[in-house]
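K.L.:
Counting in the numbering used here, the sequence shown runs from 1 upward without gaps.
Cβ coordinates follow ideal geometry from the N, Cα and C atoms, glycine included.
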Amino acid sequence: MATDPTRSIRAHDHPSVFDYPADELLNHLANLPSQYEVPYLTVTLDWSVDGDNPARSAAPATKRSQPAGETGTDRPSLRIFEQEMNRLIEAHGPRGAAFDALQQSKERIGTWLRDELDPAARGVYIVAHEPSGVLDATGLNLPIETAVSLSAEPRLYNLIRIVEDYPTYAVLQIDQADATLSFITHGARDRSVQLESTLFPRKQSSGGLNQKRYRRRAEERMEAFARDTIAETEKALAEAGVDVLILAGNDVMINVVRNEMPDQLAGVIVDHIRMEPTVAPHEKVEMTIPIAEAAERQREQESVDRLRNAIGAGEYGAAGPQEVLRALQNGQVETLILCDTFTGNGWADYEMHVFGVDEVPTIHPTGGELSKLVPVDLRDEFVRLALSTGAEVDIIHSAVPVEATGVPAAGELPKSDAATDLVEMGGVGAILRYAITAE
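#1: Can you give the beta carbon distance from serine 371 to histidine 397, rounded, assuming they're within the 8 Å contact cut?
#2: Distance, Cα to Cα, valine 357 vs glycine 110?
#3: Count the other CB atoms, across all protein chains shown, that sit within 10 Å of the CB of proline 375; report buried if there are 16 or more and exposed otherwise.
#4: Assign valine 279 to one of two classes, buried (16 or more other C-beta atoms within 10 Å of its C-beta) or exposed (fewer than that).
#5: Taking 8 Å as the cut-off, decide whether the C-beta atoms of valine 393 and isoleucine 160 are in contact.
#6: Do the CB positions of leucine 247 and isoleucine 230 come within less than 8 Å of each other?
#7: Would glutamine 83 be called buried (16 or more neighbouring beta carbons within 10 Å of its own) or exposed?
#8: By the 10 Å Cβ neighbour count, where 16 or more other Cβ atoms means buried, how is serine 192 classified, buried or exposed?
#9: When the Cα atoms are used, what is the spatial distance from histidine 471 to alanine 188?
#10: Could you give the residue range of the alpha helix (DSSP H) that holds valine 360?
#11: Is arginine 10 buried or exposed, if buried means 16 or more other CB atoms sit within 10 Å of its CB?
#12: Check each candidate in Leu25, Asp118, Val127 and name the one with the smallest Cα separation from leucine 41.
#13: Can you look up glutamine 194 in the DSSP assignment and give me helix, strand or coil?
#14: When the distance is taken between beta carbons, is glutamate 223 closer than 8 Å to glutamate 447?
#15: Which class does arginine 79 belong to by DSSP, given the choice of helix, strand or coil?
#16: Return the Cβ separation of aspartate 190 and serine 48 in integer angstroms, given the expectation that the two are a contact with Cβ distance under 8 Å.
#17: I need the straight-line Cα distance from proline 414 to lysine 212, nearest angstrom please.
#18: Mind checking isoleucine 162: buried by the 16 CB within 10 Å criterion, or exposed?
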């Protein structure tokens with residue numbers, strides 16, 4: 001048609017409580033040097049108003065326009081942080097490098113929480129190490145378990161679980177007048193592309209022939225607007241590296257878009273829903289995040305199936321803590337696959353790059369200094385080793401939606417099929433880049 005169906009195309013970046021790109025932050029932390037004398041302080045806080053105190057009545061949601069200093073002082077997790085910091089300071093006192101560093105970190109973190117944390121944050125993740133000047137702190141769009149700990153390496157599992165469980169997905173909301181492609185990352189909209197239609201033809205002339213001509217031109221305009229929208233959607237998805245798309249709007253325009261959409265783009269659509277043009281951004285997230293979660297659970301099942309096939313094929317799969325840890329130590333792992341119910345203790349000598357499962361041995365296995373052997377949480381160490389060697393990390397979600405009548409009598413909640421399959425393989429597995437065979 002001669003008239004351009006699209007009046008304008010605008011891209012927007014929306015405020016985010018996440019202070020760093022997630023991948024950059026994780027890779028940076030995974031490659032920090034080990035610290036023995038003064039360990040890293042890792043702090044995670046559930047910053048929701050009733051975080052770590054569910055019985056407390058919820059207050060209205062905080063707005064970004066509120067000054068940071070007006071909120072946060074009554075958070076239950078803040079009191080837990082202060083109590084845990086006081087306990088650590090007392091345990092390392094009354095003097096020494098670790099004692100001094102903890103006192104300084106408590107003050108610096110308190111200042112950051114008061115003055116710099118985005119008021120809209122629902123979670124907090126912080127790594128601090130005073131002797132090396134490290135203070136990596138970020139707000140999160142989602143709550144995170146409150147914990148305060150010291151370790152020779154930053155603790156990464158709780159952060160990557162949020163990042164990996166809520167990957168970026170796209171929502172294309174379209175009607176005859178407008179189309180908006182929104183990218184939802186970790187539970188919040190972070191950028192969007194908006195197209196505005198010309199709504200040509202605007203007026204309907206009288207007479208049967210004119211009405212038919214008007215309807216046909218209106219249909220042509222919708223089809224052309226859909227093609228423009230599809231072209232911008234393809235471009236934006238490719239630039240963002242996103243392969244999950246949800247269609248939203250009225251049935252008429254959704255059908256027009258589907259009819260005009262090429263097969264490759266149609267292949268990334270996971271579902272479509274009815275959505276009014278006036279829906280608020282936070283409502284858009286609430287309406288679509290269950291769909292994105294279902295798509296992520298399906299992808300997790302496919303990941304576990306790949307692992308099973310790799311193990312069955314012989315040399316390119318590993319299962320169980322010991323085998324996976326050995327493969328990570330050798331740099332063989334392409335994808336680490338870890339169930340969110342997995343727990344386990346291990347040990348490490350970071351200077352000699354030696355790792356093991358279970359309790360710290362009483363004799364150094366390679367003849368090194370016994371004092372260099374430190375206890376580790378295997379989840380954190382699996383994740384750190386994977387990231388530091390360029391491997392992907394896939395956390396398998398165990399929880400499934402359960403109706404009230406579907407809870408077993410014993411009270412044990414059912415697990416997802418993917419988690420059940422992975423638990424049978426030891427709760428952790430790895431798809432390998434290459435095999436090491438004995439000659």
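P.N.:
Quick look at the numbers:
#1: Position 371 of the sequence shown, counting from 1, holds the residue named residue 371. Position 397 of the sequence shown, counting from 1, holds the residue named residue 397. Their Cβ separation, rounded to whole angstroms, is 39 Å, which puts serine 371 and histidine 397 out of contact at 8 Å.
#2: Here residue 357 refers to the residue found at position 357 of the sequence shown. Here residue 110 refers to the residue found at position 110 of the sequence shown. One C-alpha to the other measures close to 36 Å.
#3: The residue you call residue 375 lines up with position 375 of the sequence shown. Using a 10 angstroms sphere on the CB of proline 375, the tally of other CB atoms stays under 16, which defines it as exposed.
#4: Residue 279 sits at position 279 when you count from the first residue of the sequence shown. The residue is exposed, with fewer than 16 neighbouring Cβ atoms inside 10 Å.
#5: On the sequence shown, residue 393 is found 393 positions in, with the first residue counted as 1. On the sequence shown, residue 160 is found 160 positions in, with the first residue counted as 1. Result yes, Cβ atoms of valine 393 and isoleucine 160 sit closer than 8 Å.
#6: Start at 1 with the first residue of the sequence shown, and residue 247 comes out as number 247. Start at 1 with the first residue of the sequence shown, and residue 230 comes out as number 230. Contact: no.
#7: By 1-based counting over the sequence shown, the position of residue 83 is 83. Counting of Cβ neighbours within 10 angstroms places glutamine 83 among the exposed residues, the total staying below 16.
#8: The sequence position of residue 192 within the sequence shown is 192, counting from 1. Counting Cβ neighbours within 10 Å, serine 192 comes out buried, since at least 16 surround it.
#9: Not covered by the structure: residue 471. The range shown for the chain is 1 to 439.
#10: Counting from one through the sequence shown, the residue named residue 360 turns up at place 360. No alpha helix (DSSP H) holds valine 360; DSSP gives it neither H nor E.
#11: On the sequence shown, residue 10 is found 10 positions in, with the first residue counted as 1. With fewer than 16 other Cβ atoms within 10 Å, it is exposed.
#12: Residue mapping note: residue 41 aligns to position 41 of the sequence shown, counting from 1. Cα-wise, what sits closest to leucine 41 is Val127.
#13: Residue 194 sits at position 194 when you count from the first residue of the sequence shown. Three-state result, glutamine 194: strand.
#14: Residue coverage of the chain in this structure runs from 1 to 439, which leaves residue 447 outside it and unanswerable.
#15: In the sequence shown, counting from the first residue as 1, residue 79 sits at position 79. Three-state result, arginine 79: helix.
#16: Residue mapping note: residue 190 aligns to position 190 of the sequence shown, counting from 1. Residue mapping note: residue 48 aligns to position 48 of the sequence shown, counting from 1. In fact, because the Cβ distance is near 20 Å, the residues do not count as touching under 8 Å.
#17: In the sequence shown, counting from the first residue as 1, residue 414 sits at position 414. In the sequence shown, counting from the first residue as 1, residue 212 sits at position 212. Straight-line Cα distance between these residues: approximately 57 Å.
#18: If you number the sequence shown from 1, residue 162 lands on position 162. Classification for isoleucine 162: buried.
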